[in-house]
Amino acid sequence: MWQLKKFNQLELEDLYQILKNRVDIFVVEQKCAYPEIDGIDPDCYHLFKKDGNEIVAYARLVPNGVLYNYPAIGRIIVNQNYRKSGYGRELIKQAIKIITEDWQEPEIKLHGQTYLREFYQSFGFKEISEPYLEDGIPHVDMLYKK
Numbered sequence: 001m002w003q004l005k006k007f008n009q010l011e012l013e014d015l016y017q018i019l020k021n022r023v024d025i026f027v028v029e030q031k032c033a034y035p036e037i038d039g040i041d042p043d044c045y046h047l048f049k050k051d052g053n054e055i056v057a058y059a060r061l062v063p064n065g066v067l068y069n070y071p072a073i074g075r076i077i078v079n080q081n082y083r084k085s086g087y088g089r090e091l092i093k094q095a096i097k098i099i100t101e102d103w104q105e106p107e108i109k110l111h112g113q114t115y116l117r118e119f120y121q122s123f124g125f126k127e128i129s130e131p132y133l134e135d136g137i138p139h140v141d142m143l144y145k146k
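Using the UniProt record's numbering, read the sequence shown as starting at 1 and increasing by one per residue.
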């Protein structure tokens, strides 16, 4: 079952797993030395799925006005042991549903790694920028319109 929680609703163990997974993937696996904890988590919603006690997929949903003048999906991860399980697709579908239906937002932006652009395009995201480097990794800005 998917869970959506505000920062102050997260159980301590869940918060620990979320941050550990983000560091393991974005800092260690991708060999990108940057401060993963950026200070906006308390203002965001955290969408995740657990298998038993283990968080296997996660995304940070950034409400309109927190970081940008639009809602955004970020920090999208699927635990390495659960990749190719379909959880990534479920995660993006859930995030889009929450933002467009529950929050009534007509657009969603994300800054995706270029190797995943076809994945995001399969949900209706369109490229709105040229590829650029962010922390040494090629990214592209993408927009979803309901």
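Positions of the beta carbon are idealized from the N, C-alpha and C atoms, including for glycine.
Per DSSP, what are the beta-bridge partners of residue 161 in this structure? Because the chain is modelled from 1 through 146, residue 161 falls outside the range shown and cannot be assessed.
Give the straight-line distance between the Cα atoms of Glu130 and Leu91, rounded to the nearest whole angstrom. Taking the straight line from one Cα to the other gives about 25 angstroms.
Assign Pro71 to one of two classes, buried (16 or more other C-beta atoms within 10 Å of its C-beta) or exposed (fewer than that). Classification of Pro71: buried, given that the 10 Å Cβ count is 16 or more.
Would Tyr144 and Ile108 qualify as a contact pair, given that the criterion is a beta-carbon distance under 8 angstroms? Taking 8 angstroms as the Cβ cut-off, Tyr144 and Ile108 qualify as a contacting pair.
Threshold first: 4 residues or longer. Then list the alpha helix (DSSP H) segments lying entirely within the stretch 70 to 138, N to C. List check, alpha helix (DSSP H) in window: 87 to 97, 117 to 121.
What residues in its chain sit with their C-beta under 8 angstroms from that of Ile37, if we drop five residues either side in the sequence? Here the set comprises Leu19.
Which residues in the same chain have their Cβ closer than 8 angstroms to the Cβ of Pro63, if we skip the five residues on either side of it in sequence? Asp43, Cys44, Tyr45, Pro71, Trp103.
Val27 by DSSP, collapsed to three states: which one? The answer is helix: DSSP assigns Val27 an H, G or I state.
Rounded to the nearest angstrom, what separates Tyr132 and Val140 at their Cα positions? Whole-angstrom Cα-Cα distance: 6 angstroms.
Who are Arg60's beta bridge partners in DSSP? Its beta-bridge partners are His46, Gly74.
With which residues is Ile55 paired in a DSSP beta bridge? In the DSSP output, where bridge partners are listed per residue, Ile55 has Lys50.
Residues in the same chain with beta-carbon distance under 6 angstroms from Gln80, minus the five sequence neighbours each way, listed in chain order, please. Counting only residues of its own chain and dropping the five nearest sequence neighbours on each side, Gln80 has no CB closer than 6 angstroms to any other CB.
8 angstroms Cβ cutoff met for Tyr58 and Ile73: Tyr58 places its beta carbon 8 angstroms or farther from that of Ile73.
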